[in-house]
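These notes are about the structure you will find just below.
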């Protein structure tokens, strides 16, 4: 069975099983996967489980659906390991042999909303402080609303926490690319996450690897080289504001200090073998 993986603010990995042929995602309570964040549209996306695997379609949402850091405009087939962004929620596509046709709707609620549900006066309690790097991820199957309420999960993740590349100047690659995968490849080949068409770019020119130390830029023995802040590099641990140059492409690495550990924990938690 295909499923979506995400994490909560307490170090839990949440599983959202894709248990029927069509599932809707959005803020409205009628959806199969309910996300209560204000940046999620009432009917945000549609997941269709076909013979070849899941396909996602944006339901004309305000803030869009992103697959592997690119906003989609048409239905897109999904593969295991793909990263989805809906509003400010991040999910990884996974597959498991789990088979349970009786799964209920799944809801993700903030702690304040959970407190309001439990307290008839609407009073809220302050969320428990957690370390950015402490603890390991536990695994939780989010079967239904009451499972989430009982454990007081806070699932929302902010996209702004994740490292990204911002492009400057080159119209063909204009935009922002989230580094939301263990390895982000740059080059001319069709399987690169950021495809560059300049003839001077190698098929697999460079890649950015997410590890415990942060984001490591590695040149893949390219013919014309990879440069950071004007100097040719074989590999370099990136810092916020570093300027990466490849032939006819200039990118700026952005990531706030102190948040790398949390991002690396998410990446390694959701991609580890069950």
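Numbering (our numbering), first residue to last: 169 to 442.
Using N, Cα and C, we set each Cβ at its ideal position, and we do this for glycine too.
In this structure, the CA atom of residue 374 is about 34 Å from the CA atom of residue 184. DSSP places residue 169 outside both helix and strand once states are collapsed to three, so it counts as coil. Exclusion of the five residues before and after residue 198 leaves 192 as the residues of its chain whose Cβ lies within less than 8 Å of its Cβ. Rounded to whole angstroms, residue 370 and residue 411 show a C-alpha spacing of 19 Å. Residue 216 is not a Cβ neighbour of residue 208, given a cutoff of 8 Å. The three-state secondary structure of residue 185, taken from DSSP, is strand. When DSSP states are grouped into helix, strand and coil, residue 230 belongs to the coil group. A distance of 8 Å or more separates the beta carbons of residue 383 and residue 419.
Within the same chain, and ignoring the five residues on either side of residue 392 in sequence, the residues whose Cβ sits closer than 7 Å to its Cβ are 368 and 415.
About 6 Å separates the Cβ atoms of residue 213 and residue 226, confirming a contact at the 8 Å cut-off.
Nearest to residue 253 by alpha-carbon distance, out of 172, 423 and 218, is 172. When secondary structure is reduced to three states using DSSP, residue 257 falls in the strand class. Per the coordinates, the alpha-carbon of residue 421 lies some 33 Å from the alpha-carbon of residue 211.
Nearest Cα to residue 241 within the set 221, 249, 230 and 247: 230. Where residue 208 is concerned, there is no enclosing beta strand (DSSP E), because DSSP gives it neither an H nor an E. Excluding five sequence positions before and after residue 245, the CB atoms of its chain that fall closer than 7 Å to its own CB belong to 220, 221 and 223, given in chain order. Here DSSP, grouped into helix, strand and coil, assigns residue 367 to coil. Residue 228 has its alpha-carbon roughly 20 Å from the corresponding atom of residue 189.
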